[in-house]
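Student: Residue 967, in full-length UniProt numbering, is where the sequence shown stops; the numbers in between run on with no holes. Beta carbons are placed, not taken as given, at the ideal position from N, Cα and C, and that holds for glycine. My questions all concern the structure below.
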Amino acid sequence: MAKSGTTTFNQENVVAWYRETPGSACGTGGTTGNTASQLQQTHAPAVLAQDRIFYAALLGSPASVSASIGGQSVAGTWDIAPSGGVGLYRGSVPMGGRTGAVVVSITRSGSGVVQASGNPITTACTGGMTNWNPIVISGSPRSIAPATPLSLAGSVCTSGFGDPKYLDLCSFACRYGYCPSVCTCTSLGAAVEKPAALNVNGCPKAGMDSTYLGLCSFGCNYGYCPPSLCQVHPAGHVCTAPNPTAPPIPVCVSGMADGAHADLCSFSCYYGFCPPEICTCTQAGSATGAPAPPPVTGMVGGPKAGTVDYDLCQWACQHGNCPSHLCTCSGSGCPSGGGTPGGLFFQFPSKLAATQSLSGRLMGGLGFDWGGPSFDRGPVDEPVCRLSSSCTRQDQGYESRCGPYEVKLGWDKDGCEGGGSYYGRSICCPASEAVTKCVWRGEESDGGCNGQCQPGETQLWQSPWGNKPDRCKRGTKAFCCQAIEYSLVTRGCHWKTCGVDCNPITETRVTGMSKRTGPRTLGEGLFCLAVNHYCCPKDNLLSDCVWRGTAPDCGNAQCKDDEIVVNLDPFGNSLERCRTGRNKIACCKANAPPVTPEAPSPGGVCKPEFDWCAANPVECALEDMDPEFGEDDAADFAGAAAGLHVLAERGTAREIGKVANGVKKMLSQPYPSRGELITKTLGKSVSVGWLANERVCDIYNTGIAKFTATSAAAVPKALDTEHVIDLQVIPQFAQTCVTGILPGGAISKFATIPAAWFNDVFMKDGMLPAGLPRVSPTSPEIRNAMKLIFEACGSDSNILRLLLADREMNQIKGKLVRFLNPMAPKIFQKALKDGAAGNREAAMTAISAIKGTFSVFSYLQHPEVSAAFHATADSIRAQFAIIASNTQGAAFLAERWDEYFLALLRAIVSHGHNWTAERLLQAARHYSQYGGTQIGTTVYAEQMRLVLFLSTQLGKISIKYKDEIIS
Numbered sequence: 001m002a003k004s005g006t007t008t009f010n011q012e013n014v015v016a017w018y019r020e021t022p023g024s025a026c027g028t029g030g031t032t033g034n035t036a037s038q039l040q041q042t043h044a045p046a047v048l049a050q051d052r053i054f055y056a057a058l059l060g061s062p063a064s065v066s067a068s069i070g071g072q073s074v075a076g077t078w079d080i081a082p083s084g085g086v087g088l089y090r091g092s093v094p095m096g097g098r099t100g101a102v103v104v105s106i107t108r109s110g111s112g113v114v115q116a117s118g119n120p121i122t123t124a125c126t127g128g129m130t131n132w133n134p135i136v137i138s139g140s141p142r143s144i145a146p147a148t149p150l151s152l153a154g155s156v157c158t159s160g161f162g163d164p165k166y167l168d169l170c171s172f173a174c175r176y177g178y179c180p181s182v183c184t185c186t187s188l189g190a191a192v193e194k195p196a197a198l199n200v201n202g203c204p205k206a207g208m209d210s211t212y213l214g215l216c217s218f219g220c221n222y223g224y225c226p227p228s229l230c231q232v233h234p235a236g237h238v239c240t241a242p243n244p245t246a247p248p249i250p251v252c253v254s255g256m257a258d259g260a261h262a263d264l265c266s267f268s269c270y271y272g273f274c275p276p277e278i279c280t281c282t283q284a285g286s287a288t289g290a291p292a293p294p295p296v297t298g299m300v301g302g303p304k305a306g307t308v309d310y311d312l313c314q315w316a317c318q319h320g321n322c323p324s325h326l327c328t329c330s331g332s333g334c335p336s337g338g339g340t341p342g343g344l345f346f347q348f349p350s351k352l353a354a355t356q357s358l359s360g361r362l363m364g365g366l367g368f369d370w371g372g373p374s375f376d377r378g379p380v381d382e383p384v385c386r387l388s389s390s391c392t393r394q395d396q397g398y399e400s401r402c403g404p405y406e407v408k409l410g411w412d413k414d415g416c417e418g419g420g421s422y423y424g425r426s427i428c429c430p431a432s433e434a435v436t437k438c439v440w441r442g443e444e445s446d447g448g449c450n451g452q453c454q455p456g457e458t459q460l461w462q463s464p465w466g467n468k469p470d471r472c473k474r475g476t477k478a479f480c481c482q483a484i485e486y487s488l489v490t491r492g493c494h495w496k497t498c499g500v501d502c503n504p505i506t507e508t509r510v511t512g513m514s515k516r517t518g519p520r521t522l523g524e525g526l527f528c529l530a531v532n533h534y535c536c537p538k539d540n541l542l543s544d545c546v547w548r549g550t551a552p553d554c555g556n557a558q559c560k561d562d563e564i565v566v567n568l569d570p571f572g573n574s575l576e577r578c579r580t581g582r583n584k585i586a587c588c589k590a591n592a593p594p595v596t597p598e599a600p601s602p603g604g605v606c607k608p609e610f611d612w613c614a615a616n617p618v619e620c621a622l623e624d625m626d627p628e629f630g631e632d633d634a635a636d637f638a639g640a641a642a643g644l645h646v647l648a649e650r651g652t653a654r655e656i657g658k659v660a661n662g663v664k665k666m667l668s669q670p671y672p673s674r675g676e677l678i679t680k681t682l683g684k685s686v687s688v689g690w691l692a693n694e695r696v697c698d699i700y701n702t703g704i705a706k707f708t709a710t711s712a713a714a715v716p717k718a719l720d721t722e723h724v725i726d727l728q729v730i731p732q733f734a735q736t737c738v739t740g741i742l743p744g745g746a747i748s749k750f751a752t753i754p755a756a757w758f759n760d761v762f763m764k765d766g767m768l769p770a771g772l773p774r775v776s777p778t779s780p781e782i783r784n785a786m787k788l789i790f791e792a793c794g795s796d797s798n799i800l801r802l803l804l805a806d807r808e809m810n811q812i813k814g815k816l817v818r819f820l821n822p823m824a825p826k827i828f829q830k831a832l833k834d835g836a837a838g839n840r841e842a843a844m845t846a847i848s849a850i851k852g853t854f855s856v857f858s859y860l861q862h863p864e865v866s867a868a869f870h871a872t873a874d875s876i877r878a879q880f881a882i883i884a885s886n887t888q889g890a891a892f893l894a895e896r897w898d899e900y901f902l903a904l905l906r907a908i909v910s911h912g913h914n915w916t917a918e919r920l921l922q923a924a925r926h927y928s929q930y931g932g933t934q935i936g937t938t939v940y941a942e943q944m945r946l947v948l949f950l951s952t953q954l955g956k957i958s959i960k961y962k963d964e965i966i967s
């Protein structure tokens, strides 16, 4: 047909194509629409590759189509049908989240015509990655009498569309056969009769370019002449218009992300680099006139070990923003500190808690008092969110965007009345704190505005203008943002009607929330004027509920800053109704969950009731491997996979650290195994140890339990030998001395020490003179500097520096010291997934990693442990002073230790806090999204209460060292 313009066919058939996995089933594999590295506005692949089954059928007469997925059939439609009913039909149906075998069927008058069957749609992906390539299936041809579709010569365009600025003109013109190049014809067919010609001369309006010449001429002549684009001139007038300019190239000009990458995404998206796998572009603009990114520096960045950031660190570090807690940095100019202005990298889970008002007050995203540290942004009364200082065109991306560490939530016209409809001031909030769904409510009605947020929202701002060109004659509009965890707060809550009370066994009336119904028909002529009670589970999180708004005007019906909207009603809790269509508003605060510890079993210690890892040994052990783990860690995790006690075998010297920057691995002093240490400490009357919260029956406990025993048999097996200052600290100190970079990324004030000094002096026997002070009364004479330091850390001959501590807690402590994840991301996500599917052991496993992190800091804050910690640090410092005085080439070792150790502790606290806050946010969102349908109410409530309670404890992630509280 393409060659001759006409054709005849004698077979009918159907072809279909679809992807075998939904777009959200697995990872993207880094696939994007467009390329962020070219500063193009990128799109998630699932946005472009839709979850639909597409089909095309060659038919001799009209027929119906349906698609079946997993046995569930859905009637399809034809998006395009041939003129006259003979020819190629096309359409699609959504997958709708269904999985299973695919069958596309064509029927006519209830009888089957042709059918195509294909592979099932599944959520199982090869390598954990979605396959974006479709498969194609077809049916078996069915013979029919020869059929001839409408020829091309006899066909004209019968429908079309265009860019938004041409859309209406293109739709009109293409329908009647005129479809110029700025339009896209979507179907051909027999000519549609045109309206009667008006014989007028339509031309583009001033300001329009020459692409409108034909459209205005055709449209105005046949009755469609939009005055904003076209105008009619006298018959003799010659229409002219300038040639078009190239359309602007869209780029991202503002973006955001959840979690620790919030500020880095805000920075990079501001300059056009916005990888969609980790950042969300919130505003697009034109590449023309775009500000250039910061100058290229000598920094070479990359993601931290074990993380994937889709080149975010590479791009940001190259342009001067290289936060050490997210990115590695090499080359010249690496930052001394966090790497970005304002200290914005401290991650606080405010999306679980509350938004911040423009006056800096806590607002009711949930209203929880989290008790955690705040962002380092200056005085307490400094605004967290802000209105931009100048009025700008809000429909222009670059003009109206917020700063590089902020996200734009909306805009307000107040104070910008003279600049046109779209002039206003942007509402900007810090990227790491801002909510994402906000809207103005309360349009002008009956002479005034009554801006009220809807249930599940909290008011961030109010104004008589909002984002519209008309000011309220009275009252104000409300800028309302979604309370992220509203469904959790009101889970299980509902209204009773007509005086019916709450279930006294499982429910309670929420004080202050009862409301009046109006007259209500109940049956045969009966009426009821009653009180409706708001009933919630007895352990609900609502408090201080009140109806706001005074009838009859109800103009004051607005919640306070720290309240969320729960209900709107014209009566509220009285018989007097609001007039003019207004409502009273029910407002509540949301409390942190109560602590309801379980009673401990006799002896104060109980065996953990969950053991998800026992059923998933490989995932819990081997998947947690990290390139930075030493060889000893590989053996430990392999042992865990085989069912052995992790780190159970002690008592010999161990290789510590890894080869890096020219420094060889180090070898610790031999130290006693668990059994040996118990035997030696029992000789001093008792054996003392510390058990993490996982060993204590109280599931809300985030601390540790001190344990004493008078016999070896009474010592819990969970305890193992522990160096209160982790041995990995010493190789890391050597790295700081060699590179000059402190933990956290700051630059040391001391000159670097060659790696050769550590290899040829520090690690060699006989380099120290005889007769030096012994590390402890029981220590031998040591003339090797490395062995001297490890002797100070604790050894067979210096057991006073060793403790018995919970093995799993000790593992997490070691990971925090090396800035690794306490639990591998894949394991954590799988545990959450299995937990949401009803596996409580898996759910508790995910929580245990979070609680274990709290335990580490509770352990280090215990007075007895803190005393041992300080004593060990002082002993190490003393040995470094001795080494510096008795060797050449490494001056000020004690002073270097002081600088390094304080920086290390600060970095450990920051890393622990960030990881914990991110995982709590991840867990809360996961259970909020999936828990309502996949797990029982009891398990869901338990997990969410744990998550919310633990979020209130973030302030406990701290270490006291010397006179400083590091938090």
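Which residues bound the beta strand (DSSP E) around N784?
Tutor: For N784, there is no enclosing beta strand (DSSP E), since its DSSP letter is neither H nor E.
Student: Please classify L198 as buried or exposed, where buried requires at least 16 other C-beta atoms within 10 Å of its C-beta.
Tutor: exposed
Student: On the DSSP letters alone, give me the boundaries of the beta strand (DSSP E) that I144 sits inside.
Tutor: R142 to A147 is the span of the beta strand (DSSP E), which, as asked, contains I144.
Student: Between which two residues does the alpha helix (DSSP H) containing L860 stretch?
Tutor: R840 to Q861
Student: Check whether the Cβ atoms of A196 and G177 lie closer than 8 Å to each other.
Tutor: no
Student: Residue ranges of each beta strand (DSSP E) run of no fewer than 3 residues wholly in the region 725–807, ordered along the chain?
Tutor: 802–806
Student: Give the list of continuous alpha helix (DSSP H) stretches no shorter than 4 residues that lie fully inside the region 25–68.
Tutor: 45–48
Student: Under a three-way DSSP split, which group does A709 fall into?
Tutor: strand
Student: Name the DSSP bridge partner or partners of K960?
Tutor: I965
Student: What does the Cβ neighbour count give for L921, buried or exposed, with the cut at 16 atoms within 10 Å?
Tutor: Buried is the call here.
Student: Helix, strand or coil for R516? Go by DSSP, reduced to three states.
Tutor: strand
Student: Mind checking which residues open and close the alpha helix (DSSP H) that includes L215?
Tutor: L213 to N221
Student: State the Cα-Cα distance for the pair A316 and A262, rounded to the nearest angstrom.
Tutor: 13 Å
Student: For Q5 and V253, what's the separation of their Cα atoms in angstroms?
Tutor: Reading the sequence as shown, one finds Gly at residue 5 and not Gln. Cα to Cα, G5 sits roughly 48 Å from V253.
Student: Rounded to whole angstroms, what's the CA-CA distance from E841 to A831? Just pull it up for me.
Tutor: 9 Å
Student: Whole angstroms are fine: how far does the CA of C125 sit from the CA of T508?
Tutor: Distance between the alpha carbons of T508 and C125 is about 46 Å.
Student: Between F267 and V103, what straight-line distance do the alpha-carbon atoms span, to the nearest angstrom?
Tutor: C-alpha separation (whole angstroms): 48 Å.
Student: Is it buried or exposed for G603, if we count other Cβ within 10 angstroms and need 16 for buried?
Tutor: Unreliable positioning characterises G603 in this predicted model, as indicated by a pLDDT of 38, which lies under 50. A coordinate reading is not provided.
Student: If we ignore side chains and look at the alpha-carbon of each, how far apart do A116 and G100 end up?
Tutor: 15 Å
Student: Can at least three beta-carbon pairs, one atom from the region 872–879 and one from the region 778–792, be found at a separation below 8 Å?
Tutor: yes
Student: Quick check on DSSP: helix, strand or coil for W78?
Tutor: coil
Student: First and last residue of the beta strand (DSSP E) that includes A116?
Tutor: Element bounds for A116: S111 to I121.
Student: Compare the Cα-Cα distances from P242 to each of S228, Y212 and Y224 and report the closest residue.
Tutor: Y212
Student: Determine the DSSP secondary structure at E676, reduced to helix, strand or coil.
Tutor: helix
Student: Starting from S138 and walking both ways along the beta strand (DSSP E), at which residues does that stretch end?
Tutor: I135 to S138
Student: Where do the N-terminal and C-terminal ends of the alpha helix (DSSP H) with P825 fall, by residue?
Tutor: P825 to A836
Student: Could you give the distance in angstroms between the alpha-carbon of Q861 and the alpha-carbon of L719?
Tutor: 18 Å
Student: Is Q452 near A557, with beta carbons less than 8 Å apart?
Tutor: yes
Student: Whole angstroms are fine: how far does the CA of L541 sit from the CA of D624?
Tutor: For D624, the predicted structure reports a pLDDT of 34, less than 50, and the residue's modelled location is therefore unreliable. The matter cannot be settled from this model.
Student: For Q482 and K437, which I take to be in contact (beta-carbon distance under 8 Å), what is that distance rounded to the nearest angstrom?
Tutor: With a Cβ gap of about 4 Å, Q482 and K437 count as contacting.
Student: Taking only the alpha-carbon atoms, compute the straight-line gap between K815 and N821 and give it to the nearest angstrom.
Tutor: If you draw a straight line from the Cα of K815 to the Cα of N821, it comes to about 6 Å.
Student: Give the straight-line distance between the Cα atoms of S426 and K473, rounded to the nearest whole angstrom.
Tutor: 23 Å
Student: Run through the DSSP bridge pairs and tell me what D569 is partnered with.
Tutor: K584
Student: Kindly indicate which three-state DSSP category L169 falls into: helix, strand or coil?
Tutor: helix
Student: Hey, would you say V14 sits closer than 8 Å to G214, going by beta carbons?
Tutor: no
Student: In three-state terms, what does DSSP make of residue 982?
Tutor: The chain is shown only over 1 to 967; residue 982 falls outside these bounds and no answer can be derived.
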